[in-house]
Every structure is written in structure tokens, then in C-alpha cells.
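Numbering (our numbering), first residue to last: 58 to 365. For reference, the structure discussed in these notes is given below.
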């Protein structure tokens with residue numbers, strides 16, 4: 058079966074498991090900006106956590122189905138209409154051939170995920186179907202959706218009608234507390250204190266988010282040799298602002314890498330939107346590892362294959 062894109066929204070891409078073992082080739086991992094929300098959507102239609110799903114930035118998407126199937130939405134809260142009726146997020150929905158599903162605008166959080174039973178079919182590149190927008194590979198011709206596109210789906214068994222447990226819903230506001238550990242250049246901000254308020258600027262996409270606020274001045278900010286970087290890296294730039302890397306970011310960088318958002322909180326980066334407040338909470342490597350164990354254990358019964 059397939060979906061026809063009637064309204065493509067701000068930026069909608071197909072995302073699946075990130076690429077693994079390609080960073081030495083200069084190829085970003087890509088994958089969902091909020092892997093936890095995508096896993097929750099896939100769970101509702103009987104898919105593995107990393108099955109190919111649709112990542113919708115800020116919503117405003119409409120799709121028409123050509124056959125019956127199960128779908129689900131999680132992530133940034135929005136109003137959803139299915140065949141003209143309002144329907145909830147976080148539960149299995151059933152769409153029939155010829156019906157349209159429409160997604161409203163997200164008011165808090167930046168991204169939501171639509172999963173379909175059997176997963177979406179997408180172009181594979183180096184072992185992943187995830188769209189990498191800078192390289193224009195994976196997904197649907199390596200780009201965001203356009204009106205008139207057709208999205209094919211895989212074969213599936215009928216999905217049970219299930220609902221995400223209420224205690225596993227992510228509640229998004231306009232403030233984010235991000236746990237982080239020291240980056241390799243942390244000595245350059247030795248006098249910096251965590252817990253300060255910062256703000257996300259309008260410079261935000263799947264490569265990263267600019268964070269404005271009071272950062273220590275760096276006279277040699279542009280002189281550092283390039284080194285490997287990863288999603289979640291917090292780099293200080295010559296502008297005086299920081300930049301947090303997201304899944305489509307480059308694999309090496311020359312700006313000082315002063316902090317690293319921990320794996321337990323990295324999925325939250327995909328929900329930060331311009332104007333949101335951000336503050337960083339310092340953790341030791343041991344505390345960060347324990348935070349990750351606790352979070353994955355919390356979701357383990359519902360999402361046994363979750364990888365953060």
C-alpha cells in the first residue's frame with residue numbers, strides 16, 4: 058500500500074536506524090532526531106523500534122492512504138484529524154483506503170513521528186534507510202517530502218489496538234534540562250558553571266541547534282585542529298554562541314568541543330525549537346552511564362529493543 062502526500066509541511070523526512078560504521082567515510086549517522094518518540098510510535102503498530110517512520114518537523118502534514126492499515130503518532134503534541142474526525146496521539150489508529158490524515162501545528166516540541174504497520178519503504182544508503190539531507194541520500198531521494206510524493210509501505214500483519222502507557226508519554230514544554238559530560242576541550246571553559254539559562258536561536262535544523270547565552274570568551278576559537286565529533290557535541294563558535302550537533306551533523310569539526318550531551322538525554326535535542334530555554338546539568342561519566350541504564354530500564358518492558 059502507499060500514502061500520497063497532499064501537504065508536505067515544514068520538513069518531513071523518512072528516518073530509520075542511524076548508519077553505523079560510516080563516520081570514517083565522512084557520512085553522518087542521520088536517523089531520528091528523537092529516537093525515543095519514534096520507537097514509541099513504531100511500538101503502537103507492531104514494528105521494531107527502528108523501523109522506518111516519518112519524522113515531521115512542526116507538523117502541518119496531510120496524507121491520503123490508498124488501502125487499509127494501522128498508523129500512530131507520538132512526539133510533539135498536535136491535533137490530528139483522520140477522515141475528518143479528531144483522533145488521539147499515542148494509540149493505534151486505523152485508516153482506510155481513500156481516507157486522509159491531517160496533522161496540525163506543534164506548539165511545544167519540534168518533531169513528531171508517524172509510524173505505519175510494516176514501516177515505510179525507503180532508499181537504503183550504506184546500511185540505513187534514513188534520510189541524510191546534507192548528502193541527499195537515503196529516505197525518499199535524499200530529500201524532504203513534497204506535495205504529490207508517494208510513500209510506499211511494507212507488508213504487515215494486522216496490528217493490535219494498543220495505547221502508550223500514560224507514564225511513558227513525553228511531556229514537552231519550552232524549557233529543556235540537558236545532562237552533559239565534559240567534552241575533550243572542557244578546560245577552555247574551566248570557570249563555567251552549569252545550570253545557567255540559555256536560549257535556542259532560529260538557527261536550528263537536523264544538523265544542529267545554536268544556543269545563545271553567556272559563554273566564556275575564546276580567543277583561539279577558530280584555531281583548533283579538526284577532530285571527530287558526534288551528535289550531542291556542544292561546540293563553541295566564534296560568534297560567542299554554542300552549537301549542539303544533531304543526527305545530520307558533520308563527522309569532524311574544528312570548533313572547541315566543550316560539552317557532550319549524554320546519551321540518556323540526546324533524544325531531547327530533537328524537540329528543541331527556536332526560543333526554547335536550555336540549561337545544562339553536569340554529570341560525571343559514571344553518572345551518565347547510570348542515567349542511561351535507568352532510562353532504558355524504565356522503557357524496557359514496553360520497548361525491549363530500544364537503543365538510545
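Backbone N, C-alpha and C define an ideal beta-carbon position, used for all residues, glycine too.
Residue 187 is positioned such that its CB atom lies closer than 7 Å to that of residue 73. Pairing residue 88 with residue 304 gives a Cβ-Cβ distance under 7 Å.
About 7 Å separates the beta carbon of residue 129 from that of residue 148, a gap short enough to meet the 8 Å contact definition.
A Cβ-Cβ distance of about 7 Å is found for the pair residue 112 and residue 69, placing them in contact under the 8 Å criterion.
The segment 230–250 and the segment 96–105 do not touch, with fewer than 3 CB-CB distances between them shorter than 8 Å. Checking the DSSP bridge columns, you'll see residue 342 has no partner listed.
Annotation: the continuous alpha helix (DSSP H) that includes residue 100 extends over 92–101.
For residue 174, the closest of 211, 259, 224, 297 by C-alpha to C-alpha distance is 211. For the 7 Å CB-CB criterion, residue 93 and residue 324 form a contact. Between residue 99 and residue 172, the CB-CB gap stays under 7 Å.
Annotation: residue 63 to residue 159 spans about 9 Å, alpha carbon to alpha carbon. According to the DSSP assignment, residue 314 belongs to the beta strand (DSSP E) that extends over 314–318. For the pair of segments examined, the segment 289–303 was found to touch the segment 237–253: the number of CB pairs separated by less than 8 Å reaches three. Taking the C-beta atoms as reference points, residue 109 is found no nearer than 7 Å to residue 192. The DSSP assignment places no complete run of the alpha helix (DSSP H) inside the segment 184–226 (cut-off: 4 residues). Straight-line measurement puts the Cα of residue 133 at about 10 Å from the Cα of residue 146.
Taking a contact as a CB-CB distance under 8 Å, the pair residue 269 and residue 256 counts as one, their CB atoms being some 5 Å apart. In the three-state reduction of the DSSP assignment, residue 329 falls in the coil class, being assigned neither a helical nor a strand state.
Annotation for residue 114: the continuous beta strand (DSSP E) segment containing it runs 110–114.
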